[in-house]
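Visitor:
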Amino acid sequence: MKNPYSIALDIQRQAWEGAADLAEKVQITPERTETIKNIDVGQTPSEVVYEENKLELLHYKPVTEEQHDVPILIVYALINKPYILDLQPDRSVVRTLLENGFDVYLINWGEPSTLDRSLTLDDYVNRYIDNCVNVVRERSGQDEINILGYCMGGTKSAMYAALYPEKVKNLALMASGLCFDGDGGILELWGDEDYYDPEQVTEAFDNVPAAFLDRGFELMDPVANNVTKYVRFYDNMADEDFVENFARMERWLSEGIDVAGTTYKEFIEDIYQDNKLINNELYLHGDHVDITNIDMPVLQIVAEYDHLVPPEASKPFNDEIPSEDTEIIEFTTGHIGMSVSSQSHAELWPAVCEWFEERSSDTDIETEPETPAPKEADAALAEDVTGDESGPDVVEVTNQDIASKNESEVTDLTELNGVGTVYAGELAAAGIETINQLASADTAELAAETGISPSRINDWIEQAQEH
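Just so we're aligned: the sequence shown equals residues 1 to 467 in the UniProt record's numbering.
(1) Counting contacts by CB-CB distance shorter than 8 Å, is G154 in contact with chain C?
(2) I'd like to check one pair, N275 with V298: are the Cβ atoms closer than 8 Å?
(3) Would you mind listing the alpha helix (DSSP H) stretches within the region 83 to 146 that are 4+ residues and don't spill past its ends, in chain order?
(4) Need the endpoints of the beta strand (DSSP E) that I328 sits in, please.
(5) Does the distance from the C-beta atom of R95 to that of T44 stay below 8 Å?
(6) Given a threshold of 16 other Cβ atoms within 10 Å of its Cβ, counted over all protein chains shown, does G149 qualify as buried or as exposed?
(7) Thinking C-alpha only, which one of E56, H467, W252 is nearest Q88?
(8) By the three-class DSSP mapping on this structure, what secondary structure does E445 have?
(9) DSSP on Q300, reduced to helix/strand/coil?
(10) Quick one: grab the DSSP three-state call for L413.
(11) Can you find the residues in the same chain that come closer than 7 Å, C-beta to C-beta, to I79, ignoring five residues on each side of it along the sequence?
(12) Please report the residue range of the beta strand (DSSP E) in which A172 lies.
(13) In chain order, what residues of the same chain have a beta carbon less than 6 Å from the beta carbon of V340, not counting five sequence neighbours either side?
(14) Counting pairs of beta carbons, one from the region 128 to 142 and one from the region 269 to 287, are three or more of them closer than 8 Å?
(15) If you draw a straight line from the alpha carbon of N170 to that of E357, how long is it in whole angstroms?
(16) What is the residue span of the beta strand (DSSP E) that Y76 lies within?
(17) Below 7 Å CB to CB, which residues in the same chain sit around T363 once its five sequence neighbours on both sides are set aside?
(18) Count the other CB atoms, across all protein chains shown, that sit within 10 Å of the CB of H68; report buried if there are 16 or more and exposed otherwise.
(19) Considering Y264, what are the terminal residues of the alpha helix (DSSP H) in which it resides?
(20) Could you check if P310 is buried or exposed, using at least 16 other CB atoms within 10 Å of its CB as the buried criterion?
(21) By a C-beta neighbour count over all protein chains shown, 10 Å radius and 16 as the cutoff for buried, is H467 buried or exposed?
(22) Can you have a look at E47 and say buried or exposed, based on whether 16 or more other CB atoms are within 10 angstroms of its CB?
(23) Taking the CB atoms as reference points, tell me whether L97 and I129 lie closer together than 8 Å.
(24) Confirm, please, whether the CB-CB distance from A303 to M249 is below 8 Å.
(25) Return the CA-CA distance between G334 and D306, expressed in angstroms with no decimal places.
(26) Would N131 and L58 be called neighbours here (beta carbons separated by less than 8 Å)?
(27) Mind pulling the alpha helix (DSSP H) runs of 4 or more residues that sit fully within the region 224 to 249?
(28) Classify residue 510: buried if its beta carbon has 16 or more other beta carbons within 10 angstroms, exposed otherwise.
(29) Closest by CA to G185, which one among Q273, Q465, E281?
(30) Using the three-state DSSP reduction, which class does Y150 fall into: helix, strand or coil?
(31) What is the DSSP secondary structure of Y50, reduced to helix, strand or coil?
(32) Return helix, strand or coil for E281, following the three-state DSSP convention.
(33) Put Y160 into one of helix, strand or coil per three-state DSSP.
(34) Apply the 10 Å Cβ neighbour rule to K156 and answer buried if 16 or more other Cβ atoms are within range, or exposed otherwise.
(35) Take G216 as the anchor and find which of W190, A439, S361, E445 has the nearest alpha-carbon.
(36) When you compare only the Cα positions, how much space is there between G110 and E354?
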């Protein structure tokens with residue numbers, strides 16, 4: 001046991017060390033304050049290719065000479081700005097996808113005004129997301145695209161895939177709230193209808209303020225969010241890289257987005273409280289969000305330590321859909337860590353890129369059919385263009401005149417919104433090769449013959465009649 005004199009010396013030495021450390025931090029404080037004030041985020045070059053209301057659809061500049069055929073559309077949540085997926089150059093989901101040869105688009109929702117209070121989930125899914133998907137399809141020449149949904153954006157992406165399965169080639173859901181039957185974590189508990197009425201909030205504020213949401217997230221772990229992180233910042237002020245990372249994250253946390261009041265109310269009541277999505281009971285403006293339509297490949301990306309959307313709020317969804325190609329990647333990180341941690345970018349995102357790459361080829365037919373006899377050329381053309389863009393090229397070898405004639409007729413169909421070369425081929429196989437023929441077609445008969453949804457066929461017929 002130390003004597004009182006030794007104890008006094010230890011206390012004095014610690015005081016001197018603390019004073020020296022404080023003096024050093026005081027000296028570098030102005031520099032670190034400047035770093036926090038001027039930190040850059042979202043630096044990957046992009047352009048706005050579509051705008052609607054507050055929404056902007058960003059297209060990122062490619063960084064590779066060759067790209068995969070099928071583009072990726074990122075659907076982010078409504079609550080924060082999406083640059084968390086492009087926080088800094090060496091920890092950017094967007095940049096990682098680009099470096100792996102993907103053509104990347106991202107929806108930046110913007111912030112709703114008071115006039116947007118009445119926007120619904122139907123508006124976001126059936127209007128905004130669908131319009132963005134159609135833009136990406138048109139720009140890429142693909143009838144089906146990849147979708148990567150994050151958090152609330154993943155929930156909406158699942159809804160979209162159920163409503164428009166013909167437009168989604170592969171669906172990746174990242175930390176997405178999909179099932180809430182008692183294992184959805186503290187947010188599910190707090191949002192239970194016995195304790196919480198979202199309508200009281202929307203009646204008071206119209207749109208739900210970002211500050212209101214932020215306080216709720218902070219209270220999920222109050223010590224870590226209000227004490228521990230600032231202690232760590234003080235201890236690491238001398239480390240410039242640490243300060244830059246801290247500044248980027250703090251900027252993102254401080255730039256929250258208000259949520260349209262009606263959408264918030266619907267999301268809490270229908271998804272959290274009534275669990276309608278996984279129970280297959282959700283309707284958007286009368287349209288059944290039928291998850292049994294989700295038959296495309298589905299990847300779930302979940303974080304083991306996610307306290308906002310625990311893995312149990314996501315993983316059971318795969319058991320309720322008919323897709324025969326489902327996979328779950330559960331990574332040892334948290335809700336935000338999967339986007340920004342160095343470990344995630346070293347291990348998680350290469351695996352996600354590989355999953356997309358294996359399923360993003362646009363060449364479904366590996367061998368060419370045998371050359372048909374001249375009298376079979378017309379039938380062969382209809383068969384060859386069905387479901388494969390190589391069809392016209394095959395026929396060109398066998399009968400140049402017929403190929404040139406019918407190729408122009410198929411191209412006419414692609415002038416309609418939502419009809420790409422693949423769908424045009426399927427229509428051609430059913431005997432619909434021109435816009436005039438489509439305008440006089442019967443919706444039910446054509447849907448039965450092609451397997452395309454009647455609502456989609458009817459939309460094309462209406463467009464053709466107006467053409």
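Note that beta-carbon positions come from the ideal geometry of N, C-alpha and C, so glycine has one too.
Quick caveat, the model's predicted, so the values are computed rather than measured.
Guide: This is what the structure gives:
(1) Reference to chain C is not applicable here, since this structure consists of a single protein chain.
(2) no
(3) 93 to 99, 130 to 140
(4) 326 to 331 is the extent of the beta strand (DSSP E) around I328.
(5) Against a cut-off of 8 Å, the Cβ pair of T44 and R95 comes out as a contact.
(6) buried
(7) If we check each option's Cα against that of Q88, W252 comes out closest.
(8) helix
(9) strand
(10) helix
(11) M152, L213, G256, I257, V259
(12) From DSSP, the beta strand (DSSP E) with A172 extends over 168 to 174.
(13) L87, R91
(14) Contact fails: fewer than three Cβ-Cβ distances are below 8 Å.
(15) Their Cα atoms are separated by approximately 10 Å.
(16) Y76 -> no beta strand (DSSP E), and no H or E assigned at all.
(17) Because the pLDDT of T363 is 44, which lies under 50, any placement of that residue in the model is unreliable, and the number read from its coordinates should be weighed accordingly. Same-chain partners within the cutoff: there are none.
(18) Counting the other Cβ atoms within 10 Å of the Cβ of H68 gives 16 or more, which makes it buried.
(19) 261 to 266
(20) The residue in question, P310, is buried, as its Cβ has 16 or more Cβ neighbours within 10 Å.
(21) Classification for H467: exposed.
(22) exposed
(23) no
(24) In this structure, M249 lies away from A303, with their beta-carbon atoms at least 8 Å apart.
(25) 4 Å
(26) no
(27) 229 to 235
(28) Nothing about residue 510 can be read from this structure; the chain reaches only from 1 to 467.
(29) Q273
(30) strand
(31) strand
(32) Three-state result, E281: coil.
(33) helix
(34) buried
(35) W190
(36) Rounded to the nearest angstrom, the two C-alpha atoms are 31 Å apart.
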